[in-house]
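For the record, in the sequence shown the residue sitting at position 112 is 112 according to full-length UniProt numbering, with numbers rising by one throughout.
Quick reminder that beta carbons are idealized off the backbone N, C-alpha and C, glycines included.
Computed from a prediction, not measured in an experiment: that's the story for all the values here.
All remarks here apply to the structure that follows.
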Amino acid sequence: MTTARFAQIAPQLEGQAIELPSWAFGNSGTRFKVFGSPGAPRTIEEKIADAATVHRLTGLAPSVALHIPWDLVDDYAGLRSYAAEQGVALGTVNSNTFQDDDYKLGGLTHVDAKIRQKAIDHHLECLEVMAATGSRDLKIWLADGSNYPGQADLRGRQDRLADSLATIYERLVELGPERRLVLEYKFFEPAFYHTDVPDWGTSYAQVVALGDQATVCLDTGHHAPGTNIEFVVMQLLRLGRLGSFDFNSRFYADDDLIVGSADPFQLFRILFEVIRGGGYGPANPDGHSDVAFMLDQCHNVEDKIPGQIRSVLNVQEMTARALLVDRDALAAAQEAGDVLGAHEVFMDAYQTDVRADLAAWREERGLPAYPMKAYAESGYQQQIEAARVGGTQLSWT
Ligand code: LRH
Ligand code: MN
Ligand code: MN
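Rendered as structure tokens:
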């Protein structure tokens, strides 16, 4: 039996889609140590199989993001069919210009035209991958930046970035009006003095200059401590340029912990602004929402598949709570200048425990009421630990 209030918002939970990152399933760690996890996937196919397991148990994760070259294969059309057989689609293609010696001083911004061209060519190859996988979004995060004041000409780098992105964008548009270039920002790391796309404003300025098929990716771990991220969400939605989220949690830096674990209230506030700004909706028939929800996480010390299950459940739970906000009562209190009344309406929704309602909701749809428990009892973990020896190791950390 669901509560009456939950029953009102339940239809809006239908079709929620949260994309999983292929790299969440591989071994990862910090620059101090990468711990090997028994059963870690050795191939992209095994990562996809793990992601499909998350989807089977939650109904929330119908697609998997690829990172190139981490997920390099010869036959992307074949990989697409394999994913479909597993019950998931291939999603966002992430480029990678941060692990090649040539990019030590930058990629798309580099002063040397040859290196710039190499970085552009990498993105054009990612577009070829997208054509084969049927992916909508090319997501670009750049490690470009500098470590010391005076090291680089900040303005020249910004201008070269605009030129490089324009070349990539031109090709992306040729692939069709549904494709999107999504530019992710981050204010530090691996460059420590400046990064070339440090904030939403820079990302916004760059994508607006490209055209309508370019939007911003907001990674929740990429802001200075204390940043009001929900304000950024509001502003990007208001400007029509919020393309996607990379969800994760942070305590200190770009920690990539389980979304909703460090600060569930922040996740609630973000999701409330997404809903308020019209950015929340079930996936379109092609499996994509206009504002794409993705995870960008690593599971260094916890089991990876349950880590992903916990993550998508956290997003669903906070979405349900954010949908519960009585928007009419909130608006009335806001308009009446009732400061504490408005705050109470907001907090009432946040403090509503929806776990039992969601368990019932899942059961009604033939899903396990408790996906974490169902995974633990499924035997999948034991099966992969027995079958897979020598997992892949990611090396950007
Ligand atoms: C950079 C980042 C970006 C990368 C991913 C592995 O910190 O958030 O999205 O593609 O991590
Ligand atoms: Mn990210
Ligand atoms: Mn990051």
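What does the Cβ neighbour count give for residue 330, buried or exposed, with the cut at 16 atoms within 10 Å? buried
Suppose the cutoff is 6 Å on Cβ atoms and the five residues either side in sequence are ignored; what does the same chain contact list for residue 103 look like? Take residue 103, set aside five residues on each side of it, and the residues of its chain with a beta-carbon closer than 6 Å to its own are 97, in chain order.
Mind checking residue 252: buried by the 16 CB within 10 Å criterion, or exposed? exposed
Residue 308 versus 30, 327, 328, 249, residue with shortest Cα-Cα distance: 249
What does the alpha-carbon distance come out to for the pair residue 369 and residue 10? 15 Å
Whose CB is closer than 5 Å to a heavy atom of ligand 2? List the residues in chain order. 219, 246, 296
What are the residues that DSSP puts in a beta bridge with residue 21? 65
When you compare the CB positions of residue 53 and residue 305, do they come within less than 9 Å of one another, or not? yes
Whole angstroms are fine: how far does the CA of residue 270 sit from the CA of residue 327? 15 Å
CA-CA distance, residue 150 and residue 109? One alpha carbon belongs to residue 150, the other to residue 109, and they sit about 16 Å apart.
Below 8 Å on the Cβ atoms is my guess for residue 57 versus residue 371; work out the distance and round it to an integer in Å. So it is a contact: roughly 4 Å between Cβ atoms.
Give the secondary structure of residue 57 by DSSP, where H, G and I count as helix, E and B as strand, and everything else as coil. Helix.
Tell whether a beta-carbon distance below 9 Å holds between residue 169 and residue 211. Yes, Cβ-Cβ distance for residue 169 and residue 211 is below 9 Å.
Let me check understanding here. Comparing Cα to Cα, which of 205, 46, 228, 255 lies closest to residue 241? 205
Nearest to residue 83 by alpha carbon, out of 132, 111, 35? 132
Which of the three DSSP states is assigned to residue 298 in this structure? Reduced to three states, the DSSP call for residue 298 is coil.
Report the option in 78, 111, 181, 175 whose CA atom is closest to the CA atom of residue 144. Residue 144 has its Cα closest to that of 111, out of 78, 111, 181, 175.
In chain order, each alpha helix (DSSP H) run of at least 4 residues that lies wholly inside the segment 177–256: Unbroken alpha helix (DSSP H) stretches of 4 residues or longer found wholly inside the segment 177–256: 200–210, 229–238, given in chain order.
If you run the structure through DSSP and keep just helix, strand and coil, what is residue 73? coil
Are the Cβ atoms of residue 322 and residue 247 separated by less than 9 Å? No, these two residues do not count as a Cβ contact at 9 Å.
Can you give me the Cβ contacts of residue 190 inside the same chain, cut-off strictly under 6 Å, excluding the 5 residues immediately before and after it? Cβ neighbours of residue 190 within its own chain (closer than 6 Å, five residues either side excluded): 143.
Could you check the C-alpha separation between residue 312 and residue 113 for me, to the nearest Å? 42 Å
Give me the Cα-Cα distance between residue 117 and residue 125, rounded to the nearest whole angstrom. 12 Å
Residue 293 - DSSP class collapsed to helix/strand/coil: strand
Buried or exposed: which applies to residue 177, given that a residue is buried once 16 or more other Cβ atoms fall within 10 Å of its Cβ? exposed
Rounded C-alpha distance that separates residue 293 from residue 274: 11 Å
Residue 446: CB within 8 Å of a non-hydrogen atom of ligand 3: This structure cannot speak to residue 446, because the chain is shown only from 1 to 397.
Under 8 Å by Cβ, that's how I've got residue 209 and residue 181 pegged, so tell me the actual separation to the nearest angstrom. Between residue 209 and residue 181 a beta carbon distance of about 12 Å is seen, past the 8 Å cut, so the two are scored as non-contacting.
Among residues of its own chain, excluding the 5 on either side of residue 367, which ones have a beta-carbon nearer than 8 Å to its beta-carbon? Taken in chain order, the residues that qualify are 57, 58, 59.
Apply the 10 Å Cβ neighbour rule to residue 147 and answer buried if 16 or more other Cβ atoms are within range, or exposed otherwise. exposed
Tell me where the alpha helix (DSSP H) around residue 93 begins and ends. In the DSSP assignment, residue 93 falls outside any alpha helix (DSSP H) and lies within the beta strand (DSSP E) extending over 89–94.
Neighbourhood of residue 363 by C-beta, 8 Å cutoff - its chain only, sequence neighbours within 5 removed: 369
With 16 other Cβ atoms within 10 Å as the buried cut-off, status of residue 278: exposed
Would you kindly work out how many angstroms separate the C-alpha atoms of residue 235 and residue 223, rounded to a whole number? 15 Å
Nearest neighbour of residue 13, chosen from 354, 298, 85 [CA to CA]: 354
Going by the beta-carbon positions, is the gap between residue 140 and residue 175 smaller than 9 Å? no
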